[in-house]
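Visitor: Numbering (UniProt numbering), first residue to last: 1 to 155.
Backbone N, C-alpha and C define an ideal beta-carbon position, used for all residues, glycine too.
Here the structure is a predicted model, which is why all the values come from computation and not from measurement.
Have a look at the structure that comes next, please.
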């Protein structure tokens with residue numbers, strides 16, 4: 001799944017990434033340890049993992065910035081956090097000193113494999129706040145790309 005022992009691998013919204021990189025002749029810039037892989041998948045390294053009760057909070061380093069149309073389209077996703085649990089969860093990003101929830105996640109439990117806890121093929125749905133982040137191009141509730149996350153057992 002990942003070259004790093006703990007990471008989030010997510011293509012965000014593949015049609016969006018392809019549009020920015022190919023059709024709009026824009027750029028997809030990664031920073032802070034995030035890396036772009038084939039298939040438009042971005043890997044964000046695990047920064048911290050915490051469990052409280054049946055819920056997990058996973059924080060990831062790095063970010064990605066999509067720029068197109070000479071800067072008219074400028075979307076930054078950084079400070080990603082997954083909140084995961086048996087009753088659902090969310091993806092949030094850092095916006096200054098605040099957090100903005102951009103997508104909801106279905107109920108999930110990790111599977112133990114290869115000395116890691118893994119969440120695989122989770123399908124995020126865009127929130128109203130996420131609609132604004134993406135420039136109101138997509139409607140609330142639309143599915144984003146599936147994501148995978150891994151946490152080493154010793155974290």
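(1) Do you know offhand how far residue 137's Cα is from residue 104's?
(2) Which residue's Cα is closest to the Cα of residue 133: 67, 18, 120?
(3) Apart from the five residues just before and just after residue 116, which ones in its own chain have a Cβ nearer than 8 Å to its Cβ?
(4) Buried or exposed, going by whether 16 or more other CB atoms sit within 10 Å of the CB of residue 90?
(5) Just list the residues that DSSP pairs residue 78 with in beta bridges.
(6) Mapping DSSP to helix, strand and coil, what is residue 194?
(7) If you count every other CB in all the chains shown that lies within 10 Å of the CB of residue 145, and 16 or more means buried, which is it?
(8) Check each candidate in 40, 44, 78 and name the one with the smallest Cα separation from residue 156.
(9) Which of helix, strand or coil does DSSP assign to residue 2?
(10) In whole angstroms, what separates the C-alpha of residue 14 from that of residue 40?
(11) If the criterion is Cβ atoms closer than 8 Å, does the pair residue 129 and residue 100 meet it?
(12) Please classify residue 26 as buried or exposed, where buried requires at least 16 neighbouring CB atoms within 10 angstroms.
(13) How big is the Cα-Cα spacing for residue 102 and residue 93?
(14) Between residue 230 and the rest of its own chain, which residues show a CB-CB distance below 6 Å, the 5 nearest in sequence each way excluded?
(15) Suppose contacts are defined by Cβ-Cβ distances below 8 Å. Is residue 121 in contact with residue 148 by that definition?
Guide: In brief:
(1) Residue 137 and residue 104: Cα-Cα distance of roughly 18 Å.
(2) Nearest of 67, 18, 120 to residue 133, Cα basis: 67.
(3) 5, 6, 150, 151, 152, 153
(4) buried
(5) 63
(6) As shown, the chain starts at 1 and ends at 155. That puts residue 194 outside it, with no answer to give.
(7) buried
(8) Not covered by the structure: residue 156. The range shown for the chain is 1 to 155.
(9) Its pLDDT being 45, under 50, residue 2 is placed unreliably in this model, and the value from its coordinates should be taken loosely. Of the three classes helix, strand and coil, the one that applies to residue 2 here is coil, per DSSP.
(10) 6 Å
(11) Judged by beta-carbon spacing, residue 100 lies within the 8 Å limit of residue 129, meaning their Cβ atoms are closer than that value.
(12) buried
(13) When rounded, the distance between both Cα atoms is 7 Å.
(14) Here the chain has residues from 1 to 155 only, and residue 230 is not among them.
(15) yes
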